[in-house]
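Trainee: What follows is a single structure, and I will ask about it in a moment.
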Amino acid sequence: MKESKLKNKLFTSGTLWVIFRFILLLGLSYVIISPFLKKIAMMFMSPADLRNPTVWMVPQEPTLDNIRRVIEYGDYVPAFINSLIIALLCAVLQTFTCCMAGYGFAKFKFKGNIIFFILAVFTIVVPPQTLSLALYTKFRYFDIFGILSLTGIGPIKLVETVLPSTILSATALGLKNGLYIFVMRQFFKGVPNELNEASFVDGCNPIKTFFKIMFPIAKPMLISIFLLSFAWQWTDTFYSGLFNRSMLVLPTILTKVTAIATESISNGTMMSSVMQNTAVIMIIIPIFIFYLIFQRKLIQGIERSGIVG
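Everything in the sequence shown is counted per the numbering used here, starting at 68 for the first residue and increasing by one.
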């Protein structure tokens with residue numbers, strides 16, 4: 068009888084805990100997801116729905132006019148193509164260079180190893196706005212150690228092109244690269260040194276060892292870094308506004324859409340907030356789909372990163 072009562076008590080307490088946890092997670096999910104659901108609903112609301120106080124989430128007169136206006140007024144298609152090219156290019160370069168940097172910090176002993184690694188990681192906490200003037204000046208009057216000036220060519224203007232972001236990514240100085248270097252170093256620290264030693268015995272130099280052994284086994288982490296880099300680059304406003312003010316990219320179409328919507332409000336044809344919400348959702352949707360496709364690989368890479376250990 069006592070064992071039966073104890074089992075019933077444990078079952079009841081376990082059931083109550085499951086119910087409480089479900090209600091808690093449901094409430095948190097609602098708080099997090101509700102603003103996005105409202106923004107998505109506003110995408111399909113007509114002016115009549117927006118003026119109707121009884122309409123909350125489900126539009127009574129759904130329309131695609133808001134999406135059409137963002138595509139037309141915001142030049143969504145060319146901005147999407149430009150963002151895709153820049154994000155892919157930067158993500159590929161950052162993944163490769165940060166992998167090499169992380170491997171070097173993890174497997175090679177040299178003077179200043181720890182200091183240089185700390186400086187690389189420290190770039191994560193440095194606000195990029197503090198470097199904006201120096202970065203802009205460097206690429207506005209780009210010169211390689213003064214060589215171009217000495218040869219009579221003079222400084223080259225690289226702003227308003229993809230070259231500044233490309234150069235920063237290729238030298239592991241791009242967006243969030245300190246984090247990627249840290250993650251790759253932690254991963255390679257967990258790789259046994261015997262693999263390096265065995266490859267050296269077989270006649271491989273450090274470069275061959277990296278490309279033939281280390282690079283292939285780091286594939287899960289490389290995929291995770293590529294996905295994170297692509298996502299951050301896709302929604303980046305700092306570098307886009309600094310180097311590509313005249314180039315159409317998705318983060319900058321908000322300015323165009325807002326300006327056109329604000330001008331149209333005086334004519335009573337649309338609402339600024341609806342246009343902004345629609346533009347934001349249309350910027351986020353591609354990266355959301357991208358995440359749904361590769362979420363398993365992203366989680367696998369994070370699990371194998373070695374950060375927890």
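For every residue, glycine included, the Cβ atom is placed at its ideal position computed from N, Cα and C.
Tell me whether residue 238 is buried or exposed, calling it buried when 16 or more other Cβ atoms sit within 10 Å of its Cβ.
Mentor: On the sequence shown, position 171 is the one that residue 238 refers to. Classification of residue 238: exposed, given that the 10 Å Cβ count is below 16.
Trainee: Considering only the alpha carbon of each residue, which of 363, 270, 242 lies closest to residue 164?
Mentor: In the sequence shown, residue 164 corresponds to position 97, counting from 1. The residue with the shortest Cα to Cα distance from residue 164 is 242.
Trainee: Can you name the residues that DSSP bridges to residue 209?
Mentor: In the sequence shown, counting from the first residue as 1, residue 209 sits at position 142. DSSP lists 223 as partners of residue 209.
Trainee: Compute the distance between the beta-carbons of residue 258 and residue 187, then report whether it is under 9 angstroms.
Mentor: Here residue 258 corresponds to residue number 191 of the sequence shown, with the count starting at 1. Here residue 187 corresponds to residue number 120 of the sequence shown, with the count starting at 1. Their beta carbons are not under 9 angstroms apart, which means residue 258 does not touch residue 187 by this criterion.
Trainee: CB residue 182 to CB residue 249, shorter than 9 angstroms?
Mentor: As a first step, residue 182 is located in the sequence shown; it is residue number 115 there, counting from the start. As a first step, residue 249 is located in the sequence shown; it is residue number 182 there, counting from the start. Not in contact: residue 182 and residue 249 (Cβ atoms no closer than 9 angstroms).
Trainee: Looking only at its chain, what residues have a beta carbon closer than 7 angstroms to the beta carbon of residue 160, apart from the 5 residues adjacent to it on each side?
Mentor: Along the sequence shown, one-based indexing puts residue 160 at 93. Excluding residues within five positions, the ones whose Cβ falls inside 7 angstroms are 233, 236, 237.
Trainee: Any contact between the segment 210-219 and the segment 142-161? By contact I mean 3 or more CB pairs, one from each, below 8 angstroms.
Mentor: Not touching, per the Cβ criterion.
Trainee: Here's the rule I'm using: 16 or more other beta-carbon atoms within 10 Å means buried, otherwise exposed. How should residue 223 be labelled?
Mentor: Here the question's residue 223 lines up with position 156 in the sequence shown. Its Cβ having fewer than 16 others within 10 Å, residue 223 is exposed.
Trainee: Residue 89 to residue 100, Cα distance in whole Å?
Mentor: As a working note, residue 89 is residue 22 in the sequence shown. As a working note, residue 100 is residue 33 in the sequence shown. Cα-Cα distance, rounded: 16 angstroms.
Trainee: Grouping DSSP H, G and I as helix and E and B as strand, with all else coil, what is residue 116?
Mentor: As a first step, residue 116 is located in the sequence shown; it is residue number 49 there, counting from the start. It is helical.
Trainee: Please check if any C-beta of chain B sits within less than 9 angstroms of the C-beta of residue 139.
Mentor: This model lacks chain B altogether; it includes just one protein chain.
Trainee: Pairing CB atoms from the segment 276-290 with CB atoms from the segment 102-109, are three or more of them under 8 angstroms?
Mentor: No: fewer than three Cβ pairs fall under 8 angstroms.
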